[in-house]
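A.B. asks: First residue of the sequence shown? That's 1 in the UniProt record's numbering, and the numbers climb one at a time after it.
Yeah, the Cβ is synthetic: ideal placement off N, Cα and C, and Gly gets one too.
Since the model is a prediction, treat every value here as computed from it, not as a measurement.
Please read through the structure below; I'll follow up with questions.
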Amino acid sequence: MQRLESIYESDPSMYSNMVEILKKETNEGSTRKLTSCSRAFLWLTRSLDFIVSLLQKLKEEPRMSMEQAVEEAYSLTLKPWHGWISSAAFKIALKLVPDSETFANLLMAKDKKNDTLSEEIDSFISRLSPFLEDIHSILTVQVRSLEVCIERDQGTKEEQFHKF
């Protein structure tokens with residue numbers, strides 16, 4: 001969030017939305033830097049995908065163990081992007097996952113029932129999913145733009161090479 005705030009504060013009229021920030025980093029060729037907003041936005045999106053996947057699994061299969069639901073959601077959303085070290089760390093962290101009842105109690109208001117929690121999960125997923133679809137579309141466009149920038153830069157380097 002601090003990265004976004006500092007870019008926004010540098011020129012509020014130009015960087016009033018995430019798409020403009022992504023375009024800026026794409027044009028600069030800085031999207032892959034560890035400190036880029038693009039990279040942070042991508043990982044935030046992946047994390048939200050994980051949360052939605054986990055909640056859907058718990059709702060669709062209420063008898064599934066929390067550990068199994070977390071592992072399946074992880075395999076679908078985050079594991080493809082994690083290297084060996086991150087995957088190993090996940091396996092260790094998986095041992096610390098609470099059971100389903102404890103997790104539900106953490107999510108649920110004190111005087112509510114499981115039916116209410118289920119409705120709230122449905123509402124959360126139905127509200128977040130369209131935003132995630134939009135974000136995925138935005139990121140897809142930005143990846144294509146980045147590829148064009150890379151091709152343009154490589155073409156320039158080849159042209160420079162042939163001049164010598």
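#1: Could you have a look at histidine 136 and say whether DSSP puts it in helix, strand or coil?
#2: Just the Cα atoms here: how many angstroms apart are glutamine 56 and proline 12?
#3: Between which two residues does the alpha helix (DSSP H) containing serine 30 stretch?
#4: In the DSSP assignment, find the unbroken alpha helix (DSSP H) run with alanine 73 in it and report its ends.
#5: What separation, rounded to the nearest whole angstrom, lies between the Cα atoms of tyrosine 15 and glutamate 101?
#6: What residue range is occupied by the uninterrupted alpha helix (DSSP H) comprising threonine 102?
#7: Measure the Cβ-Cβ separation of glutamate 25 and serine 36 and say whether it is below 8 Å.
#8: My output table needs one value for asparagine 17: the three-state DSSP class, helix, strand or coil.
C.D. replies: Inspection of the coordinates gives the following:
#1: Looking at histidine 136 - three-state DSSP - the assignment turns out to be helix.
#2: Approximately 37 Å, taken between the alpha carbons.
#3: Unbroken run through serine 30: none, as it is neither H nor E.
#4: In the DSSP assignment, alanine 73 falls within the alpha helix (DSSP H) that extends over 66-77.
#5: When rounded, the distance between both Cα atoms is 44 Å.
#6: It spans 100-107 - the alpha helix (DSSP H) in which threonine 102 sits, taken as one unbroken run.
#7: Cβ atoms of glutamate 25 and serine 36: closer than 8 Å.
#8: Asparagine 17 sits in coil when the DSSP states are folded into three classes, being neither helix nor strand.
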